[in-house]
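For reference, the structure discussed in these notes is given below.
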Amino acid sequence: MSAQHAAPGGPAVLARDLVKTYGTGATAVRALDGVTVGFGQGEFTAIMGPSGSGKSTLMHCLAGLDTATSGSVRIGGVELTRLNDKALTLLRRRRIGFIFQSFNLLPTLTAEQNILLPLDLAGLKPPKQWWDQVIGVLDLGSRLKHRPGELSGGQQQRVACARALMSRPEVVFADEPTGNLDSRSGAEVLSFLRMSVRELGQTVVMVTHDTVAACAADRVVFLADGRMCGDLPAPTPDTVTAALRTVRPERVAAGE
Amino acid sequence: MFKTALANLRAHKARMLLSSITVLLGVGFVAGTLIFTDSIRESFFTGFARTAKNVDAAVVPAKGVQLASDDRRDQDSYLSPAALDAVRGLPGVASAEGRVLGPAPVLDQTGKLVKHSGQTGLGIAFPADESLSYFDFSAGRAPTAPTEVALDKITAEDKHYALGDRLTVVDHTDQRRTFTIVGVFDTGTDQTYQNQSVVGFATATALDVTGRGGYDQIAVRGKAGVGQDKLVTELKDLPALDGSGAKFYTGAQLTAELANKATGYTDSYGQVLLVFAIIAALVSALVIQNTFQILVAQRARELALLRCVGATRRQVFGSTLIEAFVFGVLASGAGFFAGIGLSEGLGLLLRSFGLNISTDHLVVKPQSALYAIGLGVVLTVGSALLPARAATRVAPVQALSAQLGETRVTRGAGRVRVGLGLVVAAAGLGIGYLGMQDSDPGSGFFVLTGGACVVFVGVLALGPVITAPIIRALGWLPGRLFGPTARLATANAGRNPRRVAATTAALTIGITLVTMFTVVTASIKDSATGSIRKHFPFDYQVVAEPARAVPPELVAKLKGLPELSTVAAIYSGKTVLNGEKEQTAAIDPVGYHTLIEPVMKQGSISDVVPGTIALQDNQLSSLKTAVGESVTVSGKNGTTATLKVVATYADSGIGMPESVMAVPDFQKLVVSPGPDTVTMLAKSGVSATASRQAVEQAVNDDPLLSVNSVADYKKELSSGLDQVLALFTGMLGLAILIALIGIANTLSLSVLERTRESALLRALGLTKPQLRRMLLTEAMLMAVLGVTLGIALGGAFGWALVHMFVKATGGGTLTIPVVQLLLYILAGALAGTLAAVIPARRAARQTVAAAITEA
Chain A
1344 MSAQHAAPGG PAVLARDLVK TYGTGATAVR ALDGVTVGFG QGEFTAIMGP SGSGKSTLMH
1404 CLAGLDTATS GSVRIGGVEL TRLNDKALTL LRRRRIGFIF QSFNLLPTLT AEQNILLPLD
1464 LAGLKPPKQW WDQVIGVLDL GSRLKHRPGE LSGGQQQRVA CARALMSRPE VVFADEPTGN
1524 LDSRSGAEVL SFLRMSVREL GQTVVMVTHD TVAACAADRV VFLADGRMCG DLPAPTPDTV
1584 TAALRTVRPE RVAAGE
Chain B
17 MFKTALANLR AHKARMLLSS ITVLLGVGFV AGTLIFTDSI RESFFTGFAR TAKNVDAAVV
77 PAKGVQLASD DRRDQDSYLS PAALDAVRGL PGVASAEGRV LGPAPVLDQT GKLVKHSGQT
137 GLGIAFPADE SLSYFDFSAG RAPTAPTEVA LDKITAEDKH YALGDRLTVV DHTDQRRTFT
197 IVGVFDTGTD QTYQNQSVVG FATATALDVT GRGGYDQIAV RGKAGVGQDK LVTELKDLPA
257 LDGSGAKFYT GAQLTAELAN KATGYTDSYG QVLLVFAIIA ALVSALVIQN TFQILVAQRA
317 RELALLRCVG ATRRQVFGST LIEAFVFGVL ASGAGFFAGI GLSEGLGLLL RSFGLNISTD
377 HLVVKPQSAL YAIGLGVVLT VGSALLPARA ATRVAPVQAL SAQLGETRVT RGAGRVRVGL
437 GLVVAAAGLG IGYLGMQDSD PGSGFFVLTG GACVVFVGVL ALGPVITAPI IRALGWLPGR
497 LFGPTARLAT ANAGRNPRRV AATTAALTIG ITLVTMFTVV TASIKDSATG SIRKHFPFDY
557 QVVAEPARAV PPELVAKLKG LPELSTVAAI YSGKTVLNGE KEQTAAIDPV GYHTLIEPVM
617 KQGSISDVVP GTIALQDNQL SSLKTAVGES VTVSGKNGTT ATLKVVATYA DSGIGMPESV
677 MAVPDFQKLV VSPGPDTVTM LAKSGVSATA SRQAVEQAVN DDPLLSVNSV ADYKKELSSG
737 LDQVLALFTG MLGLAILIAL IGIANTLSLS VLERTRESAL LRALGLTKPQ LRRMLLTEAM
797 LMAVLGVTLG IALGGAFGWA LVHMFVKATG GGTLTIPVVQ LLLYILAGAL AGTLAAVIPA
857 RRAARQTVAA AITEA
């Protein structure tokens, strides 16, 4: 279990002057161009922005999946940019939970094995009470022995949620968690994420381009061309849509 | 579609590279075998053909023109010196020379007999007419005087003999005769001599030393203007050769005959090699088939897109086959060139196992290229047929569906396959059982082998069904030891049973054969030594060189030694019983029950007294006799005798000749220089060192006698069998290597299709070393599966063979060399792990962020 949570209310994740460049010379692309952003402890934040705005790259860098070209990322007081691959891997295993858009689960493992995988890799087991609570809330009790191929998309995503929470990580990163789901299943996943923040004090950072999903968050930050360009607390569909128009009106009009 | 096929090949260059190595090796082995066989054939022929050089006509006795010295040992007719003189007197003859080849052991500088593979040397005659000589001198000249000798170059170098040195030769009466070396000659790659020492004498001396009654051949050079046919006519009319059964050849005919014999002689090597080469080629076909299958599965979306845009099923099928064809031509072509190098390797391998096969130069015939490349292309296109059919089944809509084959966990096999597999395997077992019941071990062997092949096919069909549980069982221990990575590996190895079954089948083939050979040789070894202990319980044996005897004084001396309890002389030879040629032997009666105790069928071995005979029970029918009846012996010098059959014994495979008679009868009836073996038991209470020393002292370093103990015998037997096993394993090594490449190949392709999965694992906290370890374990499990299955099948087949052998001989035991087989599993695990090193490294290098977002 991750031991040192940051002080309540303080930033669980903090990025400063984050730059990520792909390629070199004339063909170099600045995917992140000096991003400074913090995500509060126990806060549910959505990152929005048009395609190519760098929101996925930002999430990868924040989560230690990718290394930034320059700048700093701190998770619970640990500076990620100074860690080598092994240390980053161990940090992901112990302090970060992941929910991806698709392909979240290993097809060879049962739901239960998938949920336990990060802990298993660390040689740990979840406390029984916590296990029961998470499985109960997600209503997965009857699905534990199934393999992903035997689960619906919504069920698969709930298994991914259980996995992300099981190790009580410092932060859960969710990359378009509802992108592949029908609206009902999507709403279930969102409400579960909200509840984990409300009731369990979990920090959640979610990348999305779905306005409905973003409105489930406490706060929405907007990204365009690799830069921060907006920060909207208590989002509603109207405010989010308005904010997106100012970010990149022509792209939104074109149906983004 | 042709263009699409080529584009596909180009696009999948990396994927095809490993697969092409397997075809390359398979075809290379076949090509190498063909080239090697052609090369040794030509080199054999060059060696043999020397004897036809400058020969216009030749006369050989009834059983002449034998190529190897071994064959000539049985030769019993020769051309007399009088006949040679008569030939020389013919008008058309410029010169004629008698050729001699006989035993002529030589001693080295320390007085020991020079031996090669247990064989002592040969003597030949150097002709007075040098144009009819067939060896080149590297130093000195041909011997002409009765005190002169020439020695072959290899022996001269080995034993440090030089021109002018004195050389001791043991003649046929066991007398040592000393000669002066006047020449050193080169036997080259001539297979007649098989690395034995060769000494050359002037013709008359050669007859004298070898004790041959005449010549093996009379070589004739005609006078200028006399045709070869004319010469042969003259020879045929010669009264001195009438009725001798001699054969006549013109020089041209002799050359042709030698070439013919050389071909027959080398083809046996070629056929054995070819069997192994075809096994390797079949294994590579399996690997290729699997590769195509995986590629088609991976390209399902591409194929579906092709179908969407209007490609017909037929076109998809054709495109896949064209791909296979082009691939087959390229890989087989490369394989052929690799085969040229491999043929050299084959020669080195065989020579390192003591087989004397050397080549002068490589002979690369166009038909070798045709056969090897043709086979490669047929195998590749054949292997692509099923995958190509699978490609046509890809529905166009699959191009549009998101989740594709890549990450599917396939189910095992359908009921039809299970049913068929079970039926075929059961049928194979039935055939094998019938083979084991066959009373004739020869035909039984073939039926059993056929049954084993059928069982194998059945097991291959069942492969996908039995793979998953076995993998789970095998993965249990690593899972316990190495935790989650090993458990992930087990899940991965078991996720696609069809693919894993096909991949490991290639390995199973090789290991099945190796295990079978291992079990059979181990059983023969144990059975033979066990049978020695039980039926021929000697402590020491004094054995004379072939065609020589242990001197009677020595036998008496040994019988007088206080360290020994029982000493018996054994005589062996050949005789004619009821018109059939039979081996026979006799032993001093003191040896009955103490030194020989055959598996008796009727009577007792001690019933054999003068006037009686014991027979191997399987001889009764061929001699048309029975216990209590008599057999007629056609003895030496035209004598005949009648012996009563009093006992029969089983053919235990070793030790017992077809008949046993009493010593006085043997001496009266059989041509023999005396006892060839003296076998003895030490007195109890005398230490092994003391008894051995006493025997060795009595023998007193006589170079023509050797002292063996049971331990020596066992060691000799073991090393011989171990060598055969090592040779077969070496030959199967290439097939096993191809199978291992197959594992590497399957794993590489699996890693490619599991890129996202690996990235997910890395995101969730699997470190790079853990990812590598996971893939290595997966490969290890596949290898161990293949090896274990092979050991089970090979062990069963070996058991059946040994069972048959035991039944046929009435003795012997099955030995399962457990430690050796466990070592095979360990070696398989290690090799499998090594095969995965490169794919595992590649997988670990992949960056997580890039892979995880890949659509």
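Protein chains in written order, with the numbering used here: chain A, 1344 to 1599; chain B, 17 to 871.
Each residue gets a CB set at the ideal place from its N, CA and C atoms; glycine is no exception.
Check, Outcome
"From G810(B), I487(B), V853(B), residue whose alpha carbon lies closest to that of P833(B)", "G810(B)"
"Neighbour-count burial assignment, S766(B), 16 or more Cβ in a 10 Å radius", "buried"
"Any chain A beta carbon closer than 8 Å to P855(B)", "no"
"As assigned by DSSP and simplified to three states, the class of N211(B)", "coil"
"8 Å Cβ cut-off: residues of chain A touching T783(B)", "D1428, K1429, T1432, L1433"
"Per-residue contacts from P500(B) into chain A (C-beta, under 7 Å)", "D1463, L1464"
"Identity of the residues DSSP links to P1576(A) by a beta bridge", "R1562(A)"
"Other residues of its chain near A347(B): CB distance less than 6 Å, five sequence neighbours each side excluded", "S36, V39, L40"
"CB contact check: R1436(A) to chain B, cutoff 8 Å", "yes"
"Residue-level contact to chain B via CB, T1451(A), 8 Å cutoff", "yes"
"Beta-carbon neighbours of N883(B), restricted to chain A and to distances below 8 Å", "Because chain B is modelled from 17 through 871, residue 883(B) falls outside the range shown and cannot be assessed."
"N724(B) - DSSP class collapsed to helix/strand/coil", "strand"
"DSSP bridge partner residues for V1550(A) (one or two, in chain order)", "I1390(A), D1518(A)"
"Chain B contacts made by the segment 1403-1423 of chain A, where a contact means CB separation under 7 Å", "H1403, L1408, D1409"
"4 or more residues per run - each alpha helix (DSSP H) lying fully within the segment 674-715 of chain B", "679-685, 704-715"
"Residue environment, Y449(B), which counts as buried when at least 16 other CB atoms sit within 10 Å", "exposed"
"The segment 742-750 of chain B contacting the segment 777-785 of chain B, beta-carbon criterion three pairs below 8 Å", "no"
"K252(B), DSSP secondary structure in three states", "helix"
"Residues bridged to E1422(A) (per DSSP)", "R1417(A)"
"Per-residue DSSP class, three states only, for H188(B)", "coil"
"CB of A1465(A) within 8 Å of CB of R1501(A), strictly", "no"
"Selection from F264(B), L254(B), V481(B), A256(B) that minimises the alpha carbon distance to A235(B)", "F264(B)"
"Chain A contacts from the segment 792-821 of chain B (Cβ-Cβ distance under 9 Å)", "none"
"Selection of the segment 1376-1401 of chain A by Cβ proximity to chain B, strictly under 9 Å", "S1399, T1400"
"Distance between L1361(A) and V1378(A) (C-alpha atoms, nearest Å)", "5 Å"
"Run of the alpha helix (DSSP H) containing F153(B), from where it starts to where it stops", "Note, F153(B): premise wrong, no alpha helix (DSSP H); beta strand (DSSP E) at 152-156."
"Delimiting residues of the alpha helix (DSSP H) encompassing M820(B)", "784-825"
"DSSP state of P412(B) mapped onto helix, strand, coil", "helix"
"According to DSSP, residues forming a beta bridge with M616(B)", "Y665(B)"
"Per DSSP, the bridge partner or partners of K590(B)", "Q599(B)"
"Validate contact between the segment 145-162 of chain B and the segment 221-240 of chain B using beta carbons, cut 8 Å, 3 pairs", "yes"
"Within 8 Å, strictly: CB atoms of T194(B) and V122(B)", "no"
"C-beta atoms of L270(B) and A68(B) nearer than 8 Å", "yes"
"Cβ neighbour criterion (16 or more within 10 Å) applied to A563(B)", "exposed"
"Sub-8 Å separation of A320(B) and P403(B) beta-carbons", "no"
"Neighbour flag for L1508(A) against chain B, beta carbons, 8 Å", "no"
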